[in-house]
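Visitor:
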DNA sequence: AGCGGTCTTGACGCGATCCTGACGCGGAGG
DNA sequence: CCTCCGCGTCAGGATCGCGTCAAGACCGCT
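Residue numbers (full-length UniProt numbering), protein chains in the order written: chain W, 1 to 224; chain S, 1 to 224.
Set out below in C-alpha cells:
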C-alpha cells in the first residue's frame, strides 16, 4: 500500500511497529538513529515517516529540519514528552502529527491513514494494461485504444476474476463459483460461451487467443 | 489569514476559541449545533473546521459524514472522550486530527497551523464541469449555461454521488445505500425513475444520455 | 384545511442478456 | 484407425433489466 519509514532506537518498539504496519499492508523501512533516518529517507523514498524524537545521535527536531527541505510527505512524530510546548515546537518544525507514548496502535494506524489520505494522489490505481486492452478494476471499465468496451455483468465478472490473477491459472470450478455461485460448479459450458464472447470483444485475433488462454482440462489463464 | 469554522455548543469554549483564533489572525465563524455547522460550512466556505463531537442535535460523526463528501479542507475534531476507539472512528470518518479536552490552546493552534500548511490549494476540485452542465459540490448547485437548475434533494443526492466518482462505475446497491439508506438496497426501480429525471434536466438529449450512462446490470457512470 | 412539490409505487413495452441445445473440430488413448 | 472427451461456435427462445408514464401517498408551507 504505502512505504513507511520508522525511525526509532528502541528495538522492541521498532519491531512492534514493523509487524503492525506490515499487517496493515504497508511496506516498512526501519532506521535506528537520525543519520540512518536521513540516509534511508533519501534512498528509500518513503510515503510517510514515523519519527521518534528521542534518538541517540541527533535531536528529533534536527532530523525533522534535515528532512523537511526536500521531503514533502507527512511526518508523524512519536515522543514520550507530553508537554505542549514540545508538541508546538515539533509541529512548527514541520511535523504533521504528534503522538505521545505510550500510544494505542489502532490510533496510530488511524492517524497514519488520515495523513496518507491527504497524500500524493491517493492510493494506487489497480489498472491492468496489455498491448491490446486496458482493464481498470476500480472504475470497472475496459478500454481498447482509449475507447470504452461494453461488457455485460457476466463478462465483467469473468474477466475481473481472471485479470486479478495475472499469469496464474484459474480453475474452472474456481471461476464458476466466483461468477455464478457454488451451485454452478459443473456448468463448464458457461465458461466456453462467455470466454468466446470475451475473446471476440478483446482479443486482436479471437481465433488464436493471446491473453485469455485455455488450459485444457484445467481452466483459463490471463497472460499480460 | 484563514477562515475557521468552529462548531461547539459550549458558549464559553466557543468564545475562548473565537478570541484565540482571531488573535492568531484567523477569521472565525461559529456554529452552535450540527445543522448550523453544515449550513455555515456550505455558505461561508471555511478553510478549516474545528468540530466538537458532543453536539446537541447531531452526532459529531454525522456532521463529519455530511461534510466530507464535498468539503475538501481539513477537519480537526475536539472531544472529551479519550478512548482510542473513538479516535479511530472519527479519523476514519474523515477527520484529520483529534484533540481531547481539556487541551492546550497553543497546541491546538500549532495543530491547526500544521493542517493549514498542507495546503488550502488541495487538488480536489469541488466543482465539476462538463460541456453541458456544471456541478458545484460545495454550493450544492447545478448550472446549465449559467442558469441555475432546480434539483430535488433526492436528485441532488444521486447526482453528487455519481459526480464524486468521475469515470468510475457506481454500483446500484452503492447508490441506493448512499442516497436512500442500507434498507433500500433492492429498490433498483428508484434509480431508474430518478436517473430519468436527472437526464431530463441535465442531458442535452435525454433519450441518448452522454454524461449519466447506464451500465446494464451493474450500475451507472458519470463520464465528464 | 388547502396546496404545491416531492417521493413512492405500479404497469407496460422494448431491447439486451442469459441460458440451452446442436454441431464440428482436434487431440488423447485404446 | 477408431472412439471419446473437451473445447469452440452458433443460433434461438425465455427471462431480466431498463426506460417511461402516470396516479396515489406523503410531506412542508401558507
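All residues carry an ideal CB built from backbone N, CA and C; glycine is no exception.
In this text, all values refer to a predicted model and were calculated from it rather than measured experimentally.
1. Counting beta carbon pairs with one atom in the region 87-96 of chain S and one in the region 69-78 of chain S, are three or more of them shorter than 8 angstroms?
2. Taking the CB atoms as reference points, tell me whether residue 18(S) and residue 6(S) lie closer together than 8 angstroms.
3. Ordered along the chain, which non-local residues of its own chain (more than five positions away) have a Cβ less than 8 angstroms from that of residue 169(S)?
4. What in chain S is Cβ-close to residue 106(W), meaning under 9 angstroms?
5. Taking just the CA atoms, how far does residue 84(W) sit from residue 89(S)?
6. Could you please tell me which residues of the UniProt DNA-binding region "OmpR/PhoB-type" (125-224) of chain W, in chain order, have their CB closer than 9 angstroms to any CB of chain S?
7. Using DSSP with H/G/I as helix, E/B as strand and the rest coil, what is residue 157(S)?
8. Can you check whether the C-beta of residue 4(S) is within less than 8 angstroms of a C-beta belonging to chain W?
9. Report all residues from its chain with a CB closer than 8 angstroms to the CB of residue 204(S); omit the five preceding and five following residues, and keep chain order.
10. For residue 107(W) and residue 28(S), what's the separation of their Cα atoms in angstroms?
11. Going by C-alpha distance, which of 187(W), 45(W), 164(W) is nearest residue 223(W)?
12. Which same chain residues, not among the five before or five after residue 199(S), have their C-beta less than 7 angstroms away from its C-beta?
13. Buried or exposed: where does residue 172(W) fall if 16 or more other Cβ atoms within 10 Å of its Cβ makes it buried?
14. Three or more C-beta pairs closer than 8 angstroms, one from the region 57-68 of chain S and one from the region 24-44 of chain S: is that the case here?
15. With residue 194(W) as the anchor, note down where its alpha helix (DSSP H) starts and where it stops.
16. Counting only C-beta atoms, is residue 13(W) closer than 8 angstroms to chain S at any point?
17. Where residue 87(S) and residue 154(S) are concerned, what is the direct C-alpha to C-alpha distance, given to the nearest angstrom?
18. Straight-line CA distance for residue 123(W) to residue 1(W)?
Guide: Answer, in terms of the structure:
1. yes
2. yes
3. 215, 218, 219, 220, 221
4. 84, 85, 87, 88
5. 24 angstroms
6. 136, 138, 139, 140, 141, 148, 150, 151, 152, 153, 154, 156
7. helix
8. Taking Cβ atoms only, chain W never reaches closer than 8 angstroms to residue 4(S), which makes this a no.
9. 132, 210
10. 29 angstroms
11. 164(W)
12. So the qualifying residues of the chain are 206, 209, 212.
13. buried
14. yes
15. 188-202
16. no
17. 32 angstroms
18. Summary for residue 123(W): the model assigns pLDDT 41, below 50, so the residue's position carries little reliability; its value from the coordinates is reported in the next sentence. Each residue's Cα considered, the two are about 7 angstroms apart.
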